[in-house]
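Down below is the structure, laid out as structure tokens.
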Amino acid sequence: MNMENNNMSSQQLFTLKQNCVAVVTGGSRGIGASSAIKLASMGATIALVFGGDLQGAKSTADTILSNGGKVKIYQCDVADYSLTKTTVDKILSDFLKVDILVNNAGVIKDKLMLQMNEQDWDSVVDINLKGSFNMIKHLYSQFVKNKSGRIINVTSVSGLDGNIGQANYSSSKAGLVGLTKSIAKELGSRGITCNAVAPGFVDTDMTSNLSKEIKDKAVQMIPLKRMGKREEIASCIAFLASEQAGYVTGQVLRVDGGLVL
Ligand code: NAP
């Protein structure tokens with residue numbers, strides 16, 4: 086191998102903008118925690134937004150700090166419009182700018198339509214869909230002012246294909262696809278990209294309550310014959326946040342082991 090190739094192999098494949106600041110919602114656990122740790126390992130300063138799990142948020146922050154990264158945690162219910170405004174203002178006052186927004190916070194309340202009540206619908210749509218609207222809305226002007234930015238929304242294969250017992254969840258995640266494509270068109274001319282990742286079955290707290298029978302059945306439907314790891318979703322989020330993904334916008338990247346629901 087010649088010197089040029091040696092140098093290339095020691096370089097990182099994907100790089101973030103220098104001195105960038107990344108906001109990651111739902112960073113206390115699961116995919117959000119892995120994404121925050123991954124982006125921090127690539128040099129981003131992390132504003133980690135969490136809902137109620139202070140211990141989880143502190144644990145993610147400790148991992149980032151012990152790896153030499155920079156992070157600050159912010160408790161905020163993403164469904165709350167005015168609280169997200171206060172939180173975004175605090176983040177901007179702490180770090181002066183935001184380069185990357187990962188809208189990852191999400192919940193499920195699975196029920197067949199017959200049992201699903203208004204609260205089941207409202208709470209899931211408010212957190213999963215309106216939560217992302219809130220964060221984008223409050224960061225919109227500063228992205229436009231900076232003429233750069235990466236927005237990554239975490240949707241789901243359920244939002245693309247639908248799923249029994251997930252009318253609320255699938256609708257919220259399908260809404261995120263529309264939000265992603267609209268923002269990509271609206272902000273493209275300002276150098277801002279907006280994409281989504283659509284995970285399949287990933288091993289996190291969200292899927293930990295599923296019975297062994299349901300998990301085995303799901304794995305049977307996945308060509309790669311296993312659930313996804315949270316780090317595998319984080320890597321795709323990191324790619325979409327990277328400089329190298331600068332010409333990718335309005336896309337939904339399925340990360341599902343080949344699953345077709
Ligand atoms: P998880 O382990 O249950 O974590 C969910 C995260 O969302 C937690 O950090 C939680 O924070 C945060 N959150 C929930 N409600 C919130 C609120 N109102 N305000 C702020 N934060 C809130 O789930 P996960 O599996 O990592 O899921 C992450 C994302 O991936 C979600 O959007 C989910 O829909 C999506 N996804 C997951 C899968 C899967 O198989 N796991 C598949 C497709 C898509 P607190 O605990 O601090 O409240």
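Here my numbering runs 85 ahead of the position in the sequence shown, where the first position is 1. Every residue gets a Cβ at the ideal spot worked out from N, C-alpha and C, and that includes glycine. Note that this is a predicted model, so its numbers are computed, not measured.
Grab me the residues of E89's own chain with a C-beta within less than 8 Å of its C-beta, minus the 5 sequence neighbours each way, in chain order.
Bear in mind that the predicted position of E89 carries a pLDDT of just 42, short of 50, making it too unreliable to give a figure here.
Hey, out of V287, V282 and I299, whose CA is closest to R339's CA?
The candidate whose alpha carbon is nearest that of R339 is V282.
Taking L261 as the reference, give the member of N248, S274 and I236 with the closest Cα.
Nearest option by C-alpha distance: I236.
Is the closest heavy atom of the ligand FAD to the C-beta of C161 under 7 Å?
Summarising the ligand content, the structure contains the ligand NAP and does not contain the ligand FAD.
Taking a contact to mean a Cβ-Cβ separation below 8 Å, would you say K258 touches T240 in this structure?
Yes.
Going by DSSP, what residues sit across from K232 in a beta bridge?
None, per the DSSP bridge assignment.
Report the three-state DSSP secondary structure of I277 (helix, strand or coil).
Strand at I277.
Within 10 angstroms of its Cβ, does L264 collect 16 or more other Cβ (buried), or is it exposed?
Flag for L264 reads buried.
Could you give the uninterrupted runs of the beta strand (DSSP E) lying entirely in the stretch 113 to 194, keeping only those of 3 residues or more?
As far as the stretch 113 to 194 is concerned, its whole beta strand (DSSP E) runs of at least 3 residues are 130 to 135, 155 to 160 and 185 to 188.
Take N92 and list the residues in its own chain whose beta-carbon comes closer than 7 Å to its own, dropping the five residues that flank it on each side.
No answer about N92 holds up, because its pLDDT of 45 lies below 50 and its placement is not dependable.
Go ahead and pull the three-state DSSP assignment for N213.
Here N213 sits in helix by DSSP.
Would you say A190 and I212 are within 8 Å of each other, going by their C-beta atoms?
Contact: yes.
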